[in-house]
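See below for the structure under consideration.
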Amino acid sequence: MYGSGLLILSPNVHSQKLSSLLKYVRNIVNERLFFTIPQSPSNFIFWKKAATLCYTTACKVCPSLNVCLLLPSSEHFKPSVKFDIVISPESEFDRVWILNEVHNIYPLYDNDIIYATKDQLEPDFSLTNDHVINTFPNKSHEDISRVCLGGTFDRLHYGHKILLTIGALLAKKHLLVGVTCSDLLSSKCLCPLIFSWEKRSRIVQSFLSDIGVQSKVTQIVRLSDKFGPPGYSAEFDCIVASSDSLNNCKELNELRRTKGFEPLKIELIDFIYSDRISFNECKSCPFDPSDFKLCSSKLRFNELGNLLKPVNNINFDDSPCSPYLIGLTGPSGSGKSSLAKRLKNLSEQIHIIDCDRLGHEAYTAGTPCHQALLSHFGRENIASPEPPYPIDRSLLGRLVFSDPTLLKDLNSIVWPEILRKILTIVEEIKYKALEQDQNHKRPVIILDAAVLLQAKWDKMCHEVWLTVLPQSEAQRRLCERNNLSPKAASERLERQASAVAEVTGGYTWFEAGQYHSYKSPIDYAHVILSTEWDPECSQYQVEKSWKALQQRL
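Quick note on the working numbering: the sequence shown kicks off at 2 and runs consecutively.
See the structure below:
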């Protein structure tokens, strides 16, 4: 297997021939695949159809490959990429000619050429004109030179690639790409899982560079309103968009007319449909199961329950029953405890440690922690007046939440006691497993802990599982469950969010576009879960997570 490859295509390629080639190539290349179409016409209509054909077919045949169609080398495009192997259909191109084309793209290429012979490919059948790339020129695009387009560009997929490619083909002088910033993302599905603006913009820039767009032509900007620079600058003459953005494009043109600007030509692209992202196993997923349109929201939902990064290298001892610790955390109301119970019901191998309950136990009258609290805060300030002077949690809460320093003092007393209790329970579970489990199945311990990150207990966990939920829904649940007023529920969530932001150095639980900012609670997570939808959807995620975890144990 090669990590990357260059596939040489004929200008007359059609979907069935390309599909057959890609089925062959996916057994040779496993990461990145570049397409090049030498000797092709330079007109826009040809390349628009070529881009649509290449990315649509790749989405169906090899969705796991990172595919790029290189634009034709010219004064506008200078593709320059590296690859490990070159693949060509048998007999379509002369070897010397192929190597000359290859060295124009990658001058240092010194490997061989793999020829896809006819007996290795599926036979062509029932071809129609719809499958063949139309090579007839169209002069209606010749006067376009300054192009704009916009989008979230999260989990850059084939639809995004078509959008960017069409924009690049039209933009002879200037290509403006608006990448949506967090201000416009809060209503999107699983918005905290959206990559940070910096990461998304880097990926867009990298893709444009790979396909041959010169940096002097490209400008990437933050899109903080739905119109962006074309709403106040006359210089643009075309916008590229998908049909679901058509109304926004029309609104933009109305705005431009009010300012005396020429309306933009609207160049529409087709949606890409994929049956590879199926939610048949999830009976109550948030998407219409009959809608196969490829979109970033589905890709984010599909990541729920998946392992997102390597597990922490932690080993308590060499025992075959050394516990596997998972820290389960998230904001109040996000469903941590309900998810923990669902996990527990899947296997006797799973044990739950309720850290909130341990916190209550730490306050028990007569314990060293109880005495330390009375000494530090004053019995008259936090305890009931009668012996044994139990802690009055409402008094203590009002005291510490009014002063961040006092809250830190409280945590410095209580958290070590909770940790001591956690470690005691972990040892008990381990020895019980050694004595009673003849198969020596490794016990899995879930630490249900709202303060997992703040207390730094994640450092002793093999994995962190994090629950996400829109802040409005978390607030609604707190009001309903704890009989709180909306104001009290909001204040509680804000306190928790501030504490988490202090740990991460930036983001709270709820903010959109924080993933891979490296100052986000999402970046601490190995697995993400959400109880935002029906219970059946939560169960689907839990079963998916447990099945994957068993492979890691």
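Just so it is clear, CB atoms sit at the ideal spot from N, CA and C, and this is done for glycine as well. Note that the structure is predicted; figures quoted are calculated from it, not measured.
Per-residue DSSP class, three states only, for residue i
i	result
Asn483	helix
Cys370	helix
Ala450	coil
Cys322	coil
Val103	helix
Lys49	helix
Ala384	strand
Tyr519	coil
Pro536	helix
Asn307	coil
Lys442	coil
Tyr3	strand
Ser21	helix
Gly397	The question names Gly, but residue 397 in the sequence shown is Leu. In this structure, Leu397 counts as helix in the three-state DSSP scheme.
Arg343	helix
Glu349	coil
Asn412	helix
Ser37	Note on identity: in this sequence residue 37 is Thr, with Ser being the wrong assignment. Thr37: strand per DSSP, three-state reduction.
His15	strand
Phe78	strand
Ser89	strand
Cys356	helix
Leu329	strand
Leu467	strand
Cys149	strand
Leu8	strand
Leu375	helix
Leu585	The requested residue 585 does not occur in the structure, where the chain is confined to residues 2 to 554.
Selected residue, minimal CA-CA separation from residue i, among the options
i	options	result
Leu143	Asp238, Leu177 and Ser65	At residue 143 the sequence reads Glu, which differs from the Leu that was named. With distances taken between Cα atoms, Glu143 lies closest to Asp238.
Thr576	Phe84, His377, Ser16 and Pro471	Residue 576 lies beyond the range of the chain shown here (2 to 554); nothing can be said about it.
Ser323	Arg223, Tyr432, Trp198 and Arg496	Tyr432
Thr53	Leu165, Val87, Ile29 and Tyr390	Leu165
Pro264	Asp271, Asp245, Ala235 and Lys83	Ala235
Ala51	Ser11, Ser89 and Thr368	Ser11
Phe78	Trp48, Val62 and Val97	Trp48
Ile270	Arg258, Val241 and Asn303	Val241
Arg301	Lys174, Pro193 and Lys345	Pro193
Lys1	Tyr56, Ile163, Leu530 and Leu19	Since the first and last residues shown for the chain are 2 and 554, residue 1 lies out of range.
Phe36	Val82, Tyr233 and Asp355	Val82
Asn412	Ser187, His361 and His441	His361
Ile38	Ser21, Val62, Cys69 and Asn31	Cys69
Lys24	Thr118, Leu295 and His161	Thr118
Asn101	Glu76, Gln40 and Pro522	Gln40
Ile46	Ile106, Leu171, Lys266 and Val97	Leu171
Pro536	Pro287, Leu494, Asn382 and Asp393	Pro287
Pro388	Asp404, Ala366 and Pro405	Ala366
Leu550	Ser89, Leu347 and Trp510	Leu347
Lys422	Asn31, Gly379 and Asp357	Asp357
Tyr390	Leu308, Cys370, Ser403 and Val543	Cys370
Thr181	Ser546, Asn313 and Phe228	Phe228
Ser74	Ser216, Lys345, Lys260 and Ser43	Ser43
Proximity of residue i and residue j at Cβ, strictly below 7 Å
i	j	result
Asp459	Gly328	yes
Ile86	Gly6	yes
Thr425	Ser335	no
Leu34	Leu66	yes
Val148	Leu185	no
Val415	Leu407	no
Cys462	Leu326	yes
His441	Phe196	no
Leu72	Gly213	yes
Cys190	Ser298	yes
Leu448	Ile354	yes
Ser202	Ile221	yes
Gln455	Ala513	no
Gln515	Pro332	no
Cys60	Tyr159	yes
Ile115	Ile145	no
Ile106	Pro80	yes
Leu485	Leu494	no
Leu256	Gly232	yes
Asp393	Ser385	yes
| query | Pairing CB atoms from the region 526-533 with CB atoms from the region 504-515, are three or more of them under 8 Å? | reply | For the pair of segments examined, the region 526-533 was found not to touch the region 504-515: the number of CB pairs separated by less than 8 Å stays below three.
| task | Report yes or no: do three or more beta-carbon pairs, one from the region 474-488 and one from the region 145-158, lie closer than 8 Å? | result | no
| field | Runs of alpha helix (DSSP H) wholly within the region 172-237 (minimum 4 residues, chain order) | value | 198-212
| field | Three or more C-beta pairs below 8 Å linking the region 367-387 and the region 397-405 | value | yes
| message | Which runs of the beta strand (DSSP E) at least 3 residues long sit entirely within the region 242-305? Give them in chain order. | response | 266-270
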